[in-house]
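Taking the UniProt record's numbering, the leading residue of the sequence shown gets 1, the next gets one more, and so forth. Even for Gly, the Cβ is constructed at its ideal location relative to N, Cα and C. Computed from a predicted structure; not experimentally measured. Have a look at the structure below before the remarks.
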Amino acid sequence: MNRVVVAVGSSSGIGRLVAREFARRGDRLVLAARTAQALEEVRAKCAAEGAEVLVVPTDITVPGALEALAAAALDRFGRIDVWAHTAAVTAYGRFDQLPGRIFDQVVRTDLLAAAEAARVALRHFRSTGKGTLVLTGSVLGHITAPYMSSYVAAKWGLTGLVRALQQELRDAPEIHICLVSPGSVDTRIYQRAANHLGLVGRPPPPIATPERVARAVVECAERPRREVSIGRLNPLMRVGFTCLPGLYDVLVGPLMRRLGLTDEPVAPNDGVVFAPDPSSATVRGDWLPDLGHLVRTAAALPAAVGARLLRRAR
Numbered sequence: 001m002n003r004v005v006v007a008v009g010s011s012s013g014i015g016r017l018v019a020r021e022f023a024r025r026g027d028r029l030v031l032a033a034r035t036a037q038a039l040e041e042v043r044a045k046c047a048a049e050g051a052e053v054l055v056v057p058t059d060i061t062v063p064g065a066l067e068a069l070a071a072a073a074l075d076r077f078g079r080i081d082v083w084a085h086t087a088a089v090t091a092y093g094r095f096d097q098l099p100g101r102i103f104d105q106v107v108r109t110d111l112l113a114a115a116e117a118a119r120v121a122l123r124h125f126r127s128t129g130k131g132t133l134v135l136t137g138s139v140l141g142h143i144t145a146p147y148m149s150s151y152v153a154a155k156w157g158l159t160g161l162v163r164a165l166q167q168e169l170r171d172a173p174e175i176h177i178c179l180v181s182p183g184s185v186d187t188r189i190y191q192r193a194a195n196h197l198g199l200v201g202r203p204p205p206p207i208a209t210p211e212r213v214a215r216a217v218v219e220c221a222e223r224p225r226r227e228v229s230i231g232r233l234n235p236l237m238r239v240g241f242t243c244l245p246g247l248y249d250v251l252v253g254p255l256m257r258r259l260g261l262t263d264e265p266v267a268p269n270d271g272v273v274f275a276p277d278p279s280s281a282t283v284r285g286d287w288l289p290d291l292g293h294l295v296r297t298a299a300a301l302p303a304a305v306g307a308r309l310l311r312r313a314r
């Protein structure tokens, strides 16, 4: 397709797969995240797919960083057709016990930086008359859960921002803003979260694969939709939150403690909220079995058993 795609948050998780998916479609890529080493790994994978790739290490919370990213993309490729923004961090902790600096940084990363990305992308799209911005929301942009107040506040804000921008763009039919809102996803955002709760978080079931979310992001660039919800229980949770708020509030605390937290203790820490952890620049969080590995193992099993029996026969 030969589009120019700016992919923010492409060093790990969903964003890493988004970059690969665009590369497979023949797009030219501008990859951005905080970790240069991880970006180089993704660049190599995308280049192996035949994509032309520019790597721009970027801390999206630094003033001017996203404008510099857009300028680098325009300098290299001359235009931006798609801006896919998947960067996010989170934190666990009771609101009054979570340090304000962590709360503020989660909101700065997940909401204010996403807003700045939208501002930068839309200015360019307005100048050219077309373009697609894909932002990553969450089911927690429509419902709430205890112990994740900073993330909930940021994602609710992002959902509202996207709706307002979609209304403002009714005069520009070739400019699209899409919101991809997953529920639980098998990534390491839970283990890498800042934590002042004392227990490691986990994604409550049902858990979607990051591949599914990445495909939704890329499909929005090809066939724009206002919002895509990923998660079988997302609609049910939203109905319960809206129509049965009393019952929802009674149940959500015990369910969060049972399904959204592990029994693994953890000391207070900042996670990757302020600085990246290069060792965690992976795709999956190991919350789901690797079905591809299981299939490959099962396929190889008869040959392995046969070889062992043959050796014994000898």
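Are the CB atoms of residue j and residue i within a distance shorter than 8 Å?
i                : j            : result
isoleucine 230   : threonine 90 : no
phenylalanine 22 : valine 218   : yes
proline 204      : glycine 260  : yes
glutamate 31     : valine 62    : Strictly speaking, residue 31 in this sequence is leucine, with glutamate absent from that position. Cβ atoms of leucine 31 and valine 62: not closer than 8 Å.
proline 210      : leucine 17   : yes
According to DSSP, is residue i part of a helix, a strand, or is it coil?
i             : result
tyrosine 147  : coil
valine 53     : strand
alanine 91    : strand
threonine 109 : helix
valine 273    : coil
leucine 255   : helix
proline 249   : The displayed chain sequence assigns aspartate, not proline, to residue 249. Three-state DSSP puts aspartate 249 in a helix.
leucine 140   : helix
Could you tell me the distance, in whole angstroms, from the CA atom of residue i to the CA atom of residue j?
i              : j              : result
serine 11      : glutamine 167  : 32 Å
asparagine 269 : arginine 79    : 41 Å
valine 5       : glycine 160    : 25 Å
glycine 15     : alanine 71     : 21 Å
glycine 285    : glycine 271    : 15 Å
alanine 172    : proline 57     : 31 Å
methionine 148 : asparagine 195 : 10 Å
histidine 85   : arginine 257   : 30 Å
leucine 29     : alanine 7      : 7 Å
alanine 38     : serine 138     : 25 Å
Thinking just about the alpha-carbon of each residue, which of the options is nearest to the one in residue i?
i              : options                         : result
proline 146    : Pro254, Gly271, Ala33 and Gly26 : Pro254
tryptophan 287 : Gly131, Arg43, Val185 and Val30 : Val185
alanine 281    : Thr262, Val42 and His124        : Val42
valine 82      : Pro278, Asp27 and Asp75         : Asp27
arginine 223   : Glu49, Ala33, Cys178 and Thr209 : Cys178
Inset, instruction - Jot down the residue ranges of each uninterrupted alpha helix (DSSP H) in the region 142-224, minimum 4 residues, whole runs only, in chain order. - result: 149-168 and 210-222
Legend entry - Ranges of the beta strand (DSSP E) found wholly within the region 54-88, counting only runs of at least 3: 82-85
Legend entry - Within the region 3-50, ranges of the alpha helix (DSSP H) (whole runs, at least 4 residues): 13-24 and 36-48
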